[in-house]
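*Asks:* Here it is: the structure, laid out below.
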Amino acid sequence: MGGEIKLDAAPRAVEVAPAEAEAVKGPLTLLEKRKDVAAHFLPLPDHKKQKTEWAARLRQILSPPDMLNEDGTIKQDYFKPKKVVIQTDRRWGDAEKEKLLEGLEKFGVGGWKDIVAKLLPKWDDNTVRIKTCRVVGSQNLKRYMGWKPTREEVAKEFAKNRALGEKLSCWKAGMLVDNDQGDVAAALKEMEGTKQ
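Heads up: the sequence shown is residues 182 to 377, going by this note's numbering.
The following block contains the structure:
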């Protein structure tokens, strides 16, 4: 013997009971659906041409059909992005701020869609709303809805909001921010009461 193991040259068939055959059949159903099951068990070929043909056959069996040419070679277009989104470089500058002020005077606070459609087409409604918060100096624009201010009125409102925000420590990121204690709302109500 000498430690050598000899294998039979021909594989032997194994008898399987009908109940066991059903259990064995389960995983094989995926392979049975393929037209060329034998390709899964082909040995690796020795010659370069045979290797290429073997790889092409495997690709035809295992790859999505729209990924391959008829001969089994790969379509490079399959891997290119289907939707290309082109982003343009946008920066908010003085020209955009002037158009926003013009839009506020013409359409009022809350008229974001009209401002975007007529004056700032490269920008979306939400960006214009946020820029309005910064121009007016208030995070909460509810009290300004429908207001059609001039440039001077916007500057006065910004100065008022900044002074109030710094006094109450509610000036954050260039705007007046309401706090949980309601200090800003109380101070604004008090300011309105002294005006009347």
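For glycine and all other residues, C-beta sits at the position ideal for the given N, C-alpha and C.
Shortest alpha-carbon distance to E286 belongs to which of F260, D306, D305, P330?
*Replies:* With distances taken between Cα atoms, E286 lies closest to P330.
*Asks:* Helix, strand or coil for V352 per DSSP?
*Replies:* As written in the sequence, residue 352 is Trp, which differs from the Val given in the question. The answer is strand: DSSP assigns W352 an E or B state.
*Asks:* Of the choices D295, V316, K230, T233, whose alpha-carbon is the least far from that of V335?
*Replies:* Looking at the Cα atoms, V316 is the closest of the given residues.
*Asks:* Just reading off the alpha helix (DSSP H) that G430 is part of, what are its end residues?
*Replies:* In this structure the chain extends from 182 to 377, so residue 430 is not present and cannot be described.
*Asks:* Residue ranges of each alpha helix (DSSP H) run of no fewer than 4 residues wholly in the segment 287-361, ordered along the chain?
*Replies:* The qualifying runs are 293-299, 306-317, 332-349.
*Asks:* Taking C-alpha atoms, which residue in D270, A354, R240 lies nearest to K256?
*Replies:* Of the listed residues, the one whose Cα sits closest to K256 is R240.
*Asks:* Looking at K312: is its Cβ nearer than 8 Å to the Cβ of W273?
*Replies:* Yes, Cβ-Cβ distance for K312 and W273 is below 8 Å.
*Asks:* According to DSSP, simplified to helix, strand and coil, what is I267?
*Replies:* I267: coil per DSSP, three-state reduction.
*Asks:* Quick one: Cα of Q231 to Cα of D252, how far?
*Replies:* Rounded to whole angstroms, Q231 to D252 spans 14 Å at the Cα level.
*Asks:* Between the alpha carbons of M372 and G327, how many angstroms are there, rounded?
*Replies:* Rounded to whole angstroms, M372 to G327 spans 21 Å at the Cα level.
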